[in-house]
Structures are given as structure tokens and as C-alpha cells.
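Enquirer: One structure, pasted below without further comment.
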Amino acid sequence: MLYRRAGIRHTSYRHERMLWPLPFDRYLVGTIAAFLIVAPFLIDRLYLVAYLLPWLIWSMAALGLNLLMGGAGQIHLGYGAVMAIGAYSSVHLVRAGVPFEIAMIAGGLASAMIGVIFGFAALRVKTLYLAMSTLAMQYIVDFVIAHVPAISGGTQATIQVPPVRFLGLRIEGDIATYYFALAVCTVVTLFMLNVHRTGFGRALAAVREKDYAAEVIGVSTFKYKLLAFWTSSFIGGVVGAVLVVCYLRSVSPDQFHIDLSVQIVAMVIVGGLGSVLGSFFGAALILFTPIVLNNLVASIAAGAGLSLSSDLRAHIPLMLYGALIVGFLVLEPLGLAKIYDNVRNYFLVWPFRYARK
Amino acid sequence: MDLWLIGELAITGALVGLMYALVAVGIVLVYKTSSVANFAQGAIAMTGSYVAWAFATLMGAPLWVAIPLALVTMFGLGFVIERAVLRHMVGQPIIMIIMVTFGMEIFLRGMMPGFFGVAVKRLDLGIPQAPMFLGEMLINRAYLIGGITSAVLIVGTIVLFNSRAGIIMRAVSDDQGASWSVGIRVERAIAIAWGLAAGTATAAGILWGSTQGVDWSLSLLLMKALAIAILGGLDSIPGVLLAGVIVGVCESLATGIVDPLVGGGTRDIVASLIILMTLLVRPYGLFGREQIERV
């Protein structure tokens, strides 16, 4: 009913390859895009900065990792380190007087260069062993960043991000940073939506399904695994730059620990491997559910006259976050994207359920 | 740099390494029986030490009651983890299984300090503080007793693997389908492996809790345990003993010799470097079976 399919006939190949053939999907995407554009004038400044902005940034990170994990089927437990490389390179370049447009891209390139080294492990070992080696590299990058004063300024140091301009606009204040993050997020999302339809995306899918089968049909596993790591790390580096410029405003080694990597992997998996929509869902769920439920628990406890210890209050988000990961993997391993898909499939033919194939 | 200092670092390192190895045994046991990488092992060790502390301090039980109680409780928790979580994950891609154990790690890391408080707890096993002298070398008694206990427990695990229950587990690790067809209850064997993993982790948690206090940082043992498990070979229990000593000695020497040169902190990446080197040079570890899929 909602997703009306009647009267949609493909008369050309171009038409058939549309991203959203159903008008309802197009309206939905349009409405959400319009909402995001006018959001700074509609919603409270607090919600804009504390919810919408981090959601956009973490969704971008999840998208970048999803290209690697969902698109090419490689496990990566060190994405936080990749983002750290991008963040530090771009901040140092900006401080050295390089315009931010170039610094951001250079940060992405630096991440991509080092990210490919993570990829070399993927050429030798697979699955569990790849997880271990990326995990190990996360710790090594953390160590190098923290212990080389030229990068971090020392273990405890925090580097302030100077005010930056992007294409002549000052990225300052809540609204400008929000629009900047939204613009980058749009670019990344469009790339991710379209990458499946390119030769590159199809080659990645072939490598994901079975690497020697891909090799047999002439897709170079060597080339595409490294390209997957390159592209994903490039996005990670750019996101790292956006993260420090728009959200953190200063950069210190402990912001990019293993916890960040696990958080982003959790977003990808809870959202749904390989799904663009899922990355947005996953980021929202992992970022906000612990906060919302924590407030809920606190208000229920206050209402019931129970007093929760401050230690318990402080650790409830962590518990919920762990429980969310376990719960989703046990109950719905295909993630939120699959749940949305089920709902959509139901309404596709509702109320004529028997018409579903 | 005199030889006495190096000797002291090496012996302390070996003992500490054996204590790490006790955490790693659980990872190997679980991997061997069910091919599941157990990234929650550090948090399980932490949980075990919290449980022992709770029995000993909150409920006032004497140590010889509290420790067995903690071991039994945690053995049960291992069973519950297998039944409630891992059994649902059979047949899922490996990344899902890794993430589910990571999720448990995060959950336990939030739950234990949340309920028992963040402050570091003292878990006193009655080991005297005064170090022992061996020539000019100082040996910490806690490490000495911890290292020996760990070695005994690991050897005990190896012996157990030759008992009836062990033979069942070995059969399951060889071929799950074949074991099933001759009437072995595969789920039960995997559950026992998880129980044993949680039990050995608890023993390690208690030993570590008595040396550095009980708090969330015990879950950081995970990285060392992973390094040991990888270096020894993920499916080799005897490998854990040797790899534990190697990792411990490397770490101790790095702390004593390299730290003054680079300004500290090398302790944390020795484990990572060992993982990387092992995977690049000999991915199946020192004693593992050469069957991992290489590209």
C-alpha cells in the first residue's frame, strides 16, 4: 500500500538501474534529506550538537568500514587507528598553514597509505587471524602516536584544532560545523550507494564471496583486497579529520583507542553488513540507546524511590552497549537493515499478503 | 647492564608469563573444541576475581571456601555463556562470533565495576610481601607462587585432556560431525570446554587480583593471552606453556631494557608485536596444526 509498485514499468536499462525505483522510497529519502537540511532551524541547538552531529560523523565512519567488511568481506578491528592517522595528519597540516580542503584529503591519503599496510596482512591470513593482526596493529599505531612527541606532543598532550575555512566559509559555531559534516556525509553516502553498481564494487563482491573463485574469473584478489583497504582507510582518514574539526575540536591519543574501533565494528554489524541504510541505523542505535536507556533507568529508579550508586550509573551505558551487541547478534544477526527490510516487504503487498513471493 | 639484572628480569618474566598463560589456556580450550575465538577471556578472568572477592569479603567466607566457590560459580557461568549465547551462533560468519564475544567482554567490563564499585579491591591470599633473594636477584613471592600454581594448573589441564572427558573433547575438536555420529554429545563437550575456560580464567584472575588488586584493568589480560594463544598455536595446550614463558620474558626484558630508551610503555605493545610477527612468519604458531587457510 505505502510502497506502491503498480504502474512502474522499466522501459530502459537506465531506468531499471535506478537507486530507488519506488516513488515512496524516493519521497522518504527526499523527506529525510530535507529534514536534515532544515534541522538547525527546527530543533534545539543542544540536540543538534549532541545528537545529530555525532550521528552523522559516526555513520560516515560506519559506512567507510562497511565498504571493507560488508563490501569486501575483510575483518578490520583497527579502524580507530586509521581514523587517528587521518585526524593527526590533517590537524598537523592545518597547523602548518595548509588550507583545510587539502589537509583533509591529505589526511585521508595518509590513512590510506598506512591502511594498506593493514591490508597486507589480509593477503596472507584470513578471518580470525586477520582480526588478530588488525587488532595488534591498532595497538601498535596507538603506541606510536602516543609515544612520538612529534605526532601527539606527548602521552598526555592534547592538540587544539585551529579555526579552519572550507571553500572560503569559516567552519565555526554549531550550524556551520553541522552543515560541513552533512556535506561530507552526503558525499560518502552517495559514493557508498553507487559503489555496488560499479565494476569496483562488483569485484569486491566477488572477492567477498570466494577469493579463489574471483581469481578464476579474472578478478585480481591481490589488487582488490588492497584497493578495498585503501578506499576504506581513505574514508576513515577523512572522517577522522571531520571528527576532530567538527566535533572534538582538539585531538589527543586516547580518543582513538580500541574502544572506538569496537564501537564502529559494532555499528556495522548491528546495522547490517553491507547495508548503507544499516550503517545509519547502527550508528544511531549504538550511540544513543545506552544514553537514552540510562536516563530511563535513572528516572524509573528515582520514581520507585531506589537510589542507584554512582558507580552503577556510570557503568550502565557500557553494560547496555555490550548487551546490545550480544542481543542483536543472537536474535537478529543480519541487523537493523534486515528488520527494516522485513517491515518494508510486509507493507510492499499489504493487505494482500498472499501476493508475496 | 649486568647479568644479575637480566637474570632477574628473565625469571620474573617467565613467572608472569606463566600467569598470563593460565588465561590463554581458556582461549585454546574453546578454540580447540568449537573453533570459536574467545575474546571475552580477559573479562571472564576479571569476573572470576570479582566473584572470589565477593565471596571472601562481602560474604566473609574463608579463602579455602571462597576460592572453590568462585571456581564452581564461574564454571557454571561458562556453561551459561555457551548455552545462552554461543550455541545460537553456530554457523554464523566468524566476524559475528568474534563480535559476540567482544560484546560479552564489554558487558562484563561494565557489569562488575557497576555492581561492586570502581575502587580497587584487595584480594589477599596471604602471600608475604617480602621478596626472595636468589643470589643478587630479587624474586617477588607472589609471582613465584602464581607462576608455579599456573604451571601446575596448565599441566593439570593437559592431563585432563587425556582422561575420558578429554578424549571426548579431542574427538569433538577433530571432527564435530564424526563425533556426533558415534554418540558423543558435542554441545556438552563444548559446554565443558567453556566451563573449564571460565574456571582457569578465574584461577588466573584470583592470582592476578592478589598481585595488582581487583578492578576492571584485569580484563586487559586479554591481549597478552591472545598473543600467547597465537604464538603457541591456537589448538595446542602444551604450546601455551612455552609461549607464555616467551611472551613473559620478552615483555619483562622490554620493560627493563627498552623502556628507559624510549620513555616507557613498551610493555603494552610487546604482545601486539608478537601477534604480528607470528602471523607473518608462522601463522599456525609454534605447535599448532598447519591447517589454517592461507591466501
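First to last, the protein sequences are chains A and B.
Residue numbering for the first sequence follows my numbering, beginning at -15 and increasing consecutively.
Residue numbering for the second sequence follows my numbering, beginning at 1318 and increasing consecutively.
Ideal Cβ placement from N, Cα and C applies to all residues, glycine included.
1. Taking DSSP's pairing of strands, which residues face Met1613 of chain B in a bridge?
2. Quick check on Arg1426 of chain B - is its C-beta less than 8 angstroms from some C-beta in chain A?
3. Going by Cα to Cα distance, which pick from B:Tyr1601, B:Met1416, B:Gly1582, B:Ile1523 is closest to Asp1552 of chain B?
4. Quick one: what's Phe150 of chain A bridged to in DSSP?
5. In the DSSP assignment, the alpha helix (DSSP H) including Met1413 of chain B goes from what residue to what residue?
6. Using the three-state DSSP reduction, which class does Lys209 of chain A fall into: helix, strand or coil?
7. Please classify Gln374 of chain A as buried or exposed, where buried requires at least 16 other C-beta atoms within 10 Å of its C-beta.
8. Select from B:Tyr1348, B:Val1435, B:Leu1386 the residue whose C-alpha is nearest the C-alpha of Gly1530 of chain B.
9. Roughly how many angstroms separate the alpha carbons of Leu1332 of chain B and Val1562 of chain B, rounded to a whole number?
10. For chain B, is any of its Cβ atoms less than 8 angstroms away from the one on Thr111 of chain A?
11. What residues in its chain sit with their C-beta under 6 angstroms from that of Ile27 of chain A, if we drop five residues either side in the sequence?
12. One question on the structure: do Val1564 of chain B and Ala1588 of chain B come within less than 8 angstroms of each other, judged by their Cβ atoms?
13. What number of angstroms, rounded off, separates the C-alpha of Glu1399 of chain B from the C-alpha of Gly(-9) of chain A?
14. Can Ser234 of chain A and Gln144 of chain A be called in contact, C-beta distance under 8 angstroms?
15. For Pro1448 of chain B, which residues from the same chain have a beta carbon less than 7 angstroms from its beta carbon, with the 5 sequence-adjacent residues on both sides left out?
16. By the 10 Å Cβ neighbour count, where 16 or more other Cβ atoms means buried, how is Tyr208 of chain A classified, buried or exposed?
17. Quick one: is Phe1396 of chain B near chain A, going by C-beta distance under 8 angstroms?
18. Which of helix, strand or coil does DSSP assign to Ile59 of chain A?
19. Can you give me the C-alpha to C-alpha distance between Tyr163 of chain A and Thr15 of chain A, rounded to a whole angstrom?
20. Check the Cβ of Leu30 of chain A against every Cβ in chain B and list those closer than 8 angstroms, keeping chain order.
21. Which same chain residues end up closer than 7 angstroms to Val1612 of chain B when comparing Cβ atoms and leaving out the 5 residues on each side of it in sequence?
22. Which chain B residues sit within Cβ distance under 9 angstroms of Ala250 of chain A?
23. Tell me, please, whether the region 1356 to 1367 of chain B touches the region 1418 to 1430 of chain B by the rule of three or more beta-carbon pairs shorter than 8 angstroms.
24. Whose C-alpha, out of B:Ile1591, B:Lys1349, B:Val1472, B:Leu1596, is nearest the C-alpha of Met1336 of chain B?
25. Val1472 of chain B by DSSP, collapsed to three states: which one?
26. CB Leu280 of chain A to CB Gly1427 of chain B, shorter than 8 angstroms?
27. So, are the CB atoms of Ser1416 of chain B and Ala250 of chain A less than 8 angstroms apart?
28. Do Gly1494 of chain B and Trp1321 of chain B have their beta-carbon atoms positioned less than 8 angstroms apart in this structure?
29. Among B:Arg1599, B:Leu1603, B:Gly1605, B:Arg1606, whose alpha-carbon lies nearest the alpha-carbon of Ala105 of chain A?
30. Does chain A have any CB closer than 8 angstroms to the CB of Val1612 of chain B?
31. So what's Lys342 of chain A in DSSP terms, helix, strand or just coil?
32. Alpha carbon to alpha carbon, what distance is there between Phe175 of chain A and Val246 of chain A?
33. Let me know if Lys194 of chain A comes out buried or exposed under the rule of 16 or more other beta-carbons within 10 Å of its beta-carbon.
34. Give the straight-line distance between the Cα atoms of Val1402 of chain B and Leu257 of chain A, rounded to the nearest whole angstrom.
35. Does Lys1438 of chain B come out as helix, strand or coil in the three-state DSSP assignment?
36. Of the residues A:Met2, A:Leu36, A:Ala189, which one's Cα is nearest the Cα of Ala17 of chain A?
Expert: Looking at the atomic coordinates:
1. The structure shown has nothing for residue 1613 of chain B, since chain B only spans 1318 to 1612.
2. yes
3. B:Tyr1601
4. A:Leu153
5. 1411 to 1433
6. helix
7. Missing from the structure shown is residue 374 of chain A; chain A here goes from -15 to 341 and no further.
8. B:Val1435
9. 7 angstroms
10. yes
11. none
12. yes
13. 51 angstroms
14. yes
15. Leu1455, Ile1456, Asn1457, Arg1458
16. buried
17. no
18. coil
19. 17 angstroms
20. Near Leu30 of chain A there are no residues of chain B at all, since even the closest Cβ is about 26 angstroms away, more than 8 angstroms.
21. Residue placement at Val1612 of chain B is flagged as unreliable, the pLDDT there being 48, under the threshold of 50; the coordinate-derived value follows with that caveat. Correct list: empty, nothing qualifies.
22. Met1416, Phe1419, Gly1420, Ile1423
23. yes
24. B:Val1472
25. helix
26. no
27. According to the sequence provided, residue 1416 of chain B is Met. The question's Ser does not apply to it. Taking 8 angstroms as the Cβ cut-off, Met1416 of chain B and Ala250 of chain A qualify as a contacting pair.
28. no
29. B:Arg1599
30. In this prediction, Val1612 of chain B has a pLDDT of 48, which is less than 50 and means its spatial position is unreliable; what the coordinates show is noted afterwards. It does: the Cβ of Val1612 of chain B has a partner Cβ on chain A nearer than 8 angstroms.
31. No answer is possible for residue 342 of chain A: the residues shown for chain A start at -15 and end at 341.
32. 24 angstroms
33. exposed
34. 20 angstroms
35. strand
36. A:Leu36
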